[in-house]
Structures are given as C-alpha cells and as structure tokens.
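Right, one structure below, let's go through it.
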Amino acid sequence: DDFIENNTQRIRILEEMVQFIYREWFVNYRFPGHECIRLVKSELGLVPEGWVVCSLHDDIEPIKGLSYKGAGLSDSGIPLHNLNSVLEGGGYKFTGLKYYTGDFQEKHKLLPGDIIVTNTEQGHEYRLIGFPAIVPKCFGTVGIFSHHIFRVRPLPSSYVSRFFVYYLLMTENVRNQIISYANGTTINMLSIEGLKSPKFVKPPKNLIESFDCIASPIFDLIESYRERN
91 DDFIENNTQR IRILEEMVQF IYREWFVNYR FPGHECIRLV KSELGLVPEG
141 WVVCSLHDDI EPIKGLSYKG AGLSDSGIPL HNLNSVLEGG GYKFTGLKYY
191 TGDFQEKHKL LPGDIIVTNT EQGHEYRLIG FPAIVPKCFG TVGIFSHHIF
241 RVRPLPSSYV SRFFVYYLLM TENVRNQIIS YANGTTINML SIEGLKSPKF
291 VKPPKNLIES FDCIASPIFD LIESYRERN
C-alpha cells in the first residue's frame, strides 16, 4: 500500500511539474530567453512578437466516437474509453473503462497517447464538458471510444504536439471559449465545430519542440509508475 501511495504521489508531482512549465511558457510568457521578447497587441491581448493568433480549426482534427449498443458491453473485449474515462477538470479516470465486443469502424480506433475530449455533461456546471485526457499505454495498443467523447489529434500540416494541445484545452482562455459553444437543456452538448472554433496564441515551432523534450520523458516516467502500481 505504501509503495502504491508513493508512486501515486510521484505521478501527481510529475503531472503538476509539466502543467507548471506549460503555464509559465505559454500563458505567462516566461520561457527561456523571455528577457529579450517584445510584447505586441493582438485580438487576445498582449502576446510575444512572432506568435500567431489562430483557431484550433487550423491545428486539430476531432472525431466523434462510436454510438455503441449496450448488448456489446462485456467483461472482456476491446477497451472502450467513454465519458466516465475523463476526470472532472481533465486527466484520465481509470475506474471508468468498459469493454466491448460489438462491431466498430476503423475511425473509432484509439491509440495510446491519443487525446480524448468530453462532449457531453449532465447539467450546466461545466466540470466535465470539453476537458481532455491522454489515453495511457496500460490498456494495450488499441482501443475504441464512445460517442460521448472526441478523439483529438494534431493535423499532419500542423507543428503543434499532443502535449501542447492537451494543456492548451485546460487553459482558462480556451476553456471559456469552449463553454460558450456548449448548449442544451438537461444534457449539455459540445459540437465538433465548438471544439475547433476557439482561438489561441500559437508559439513558434522550436518552443513547442523544446516543451515536448521536457514533457515526453516525464509522461514516460508517469506511465512506468502506473505500470508498477
């Protein structure tokens, strides 16, 4: 029990480290060499010179998941990541996984490292809708995802990375825009266009690559602690 608790604490600290670095570099603009930057006005406020305001439409490709049949749910089969697989506030929820034995299409496949984003929420408190999670490696090489979530991957034409997109979706500015596109009476829903429409400030390619050089090995370490647990 102590071993598991220690690993869990390590995972929490490592996740907080990466989120802190992201916030410092891409929200507060305190990144390496920031002493020499010049801030200029944009439609999103003051941004570093050379950074570009664009919409997520230019950089990500969301796909809606499988509308599955209850009869296909089983104690074994292919992992089915669903609405209960994302924590309120973002992050992967391990207790929510289901297994499925029914039919599905190639477009509904989910790979380790893919980002999933919720598109449904009961009520209008915005604790869950639009929040992301990264699919862990421990569930095997392939899974599928339900219609209550989107799979989000960077477009081949874009240089943004999955780690950058994951933390971007949890920033206050993008969160507020996503919430404004959610609608419904009892059930709150988010469309694909609502996820693709928010604007953000895109940093230069080399800065995203530098961030990935930090985030990628840390996430590998997180995966190893999960595996040990």
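Residues in the sequence shown are numbered from 91 upward in steps of one, following the numbering used here.
Beta carbons: idealized from backbone N, C-alpha and C, even for Gly.
Just so it is clear, the structure is predicted and the values come from calculations on it, not from any experiment.
In the three-state DSSP reduction, Y119 falls in the coil class, being neither helix nor strand. The closest CA to that of K183, considering only F221, I268, I282 and E95, is found on F221. Short of 8 Å from the beta carbon of L134, and not among the five residues preceding or following it, lie these beta carbons of its own chain, in chain order: V143, N263, K289, F290 and V291. Distance between I168 and A161, taken at the CA atoms: about 14 Å. By the beta-carbon neighbour count (other beta carbons within 10 angstroms, threshold 16), G123 is exposed.
According to the DSSP assignment, Q195 belongs to no alpha helix (DSSP H), since it is labelled neither H nor E. By alpha-carbon distance to Q195, the top candidate from G233, N174, V255 and D148 is G233.
Burial of P293 is indicated by the presence of at least 16 other C-beta atoms within 10 angstroms of its C-beta. Burial state of E211 is buried, judged by a 10 Å Cβ sphere holding 16 or more other Cβ atoms. Around the CB of N266, fewer than 16 other CB atoms lie within 10 Å, so the residue is classed as exposed.
As DSSP reads the structure, F240 sits in a beta bridge with K154 and V207. Take the alpha-carbon of E313 and the one of L258: they are about 21 Å apart. Below 8 Å, enough C-beta pairs join the stretch 234-246 and the stretch 171-190 to call them touching: three or more.
D149 sits buried, since 16 or more C-beta atoms from the chains shown fall within 10 Å of its C-beta. A straight-line Cα-Cα distance of about 42 Å links K154 and E125.
In this structure F240 does not touch N278 by the C-beta definition: roughly 15 Å separates them, more than the 8 Å allowed.
When the five nearest sequence neighbours on each side are left out, the beta carbons in the same chain lying within less than 7 Å of the beta carbon of L218 are those of V176, E178, T208 and E211, in order along the chain. For P202, no beta strand (DSSP E) run applies, since DSSP gives it neither H nor E. Nearest neighbour of I308 by Cα position, chosen from G284, K295, N296 and F253, turns out to be F253. Beta-bridge annotation (DSSP): C144 is paired with F290. Here G162 carries a helix assignment [DSSP, helix/strand/coil]. With respect to the C-alpha of P202, the residue from E105, H171, R100 and H214 having the closest C-alpha is H171.
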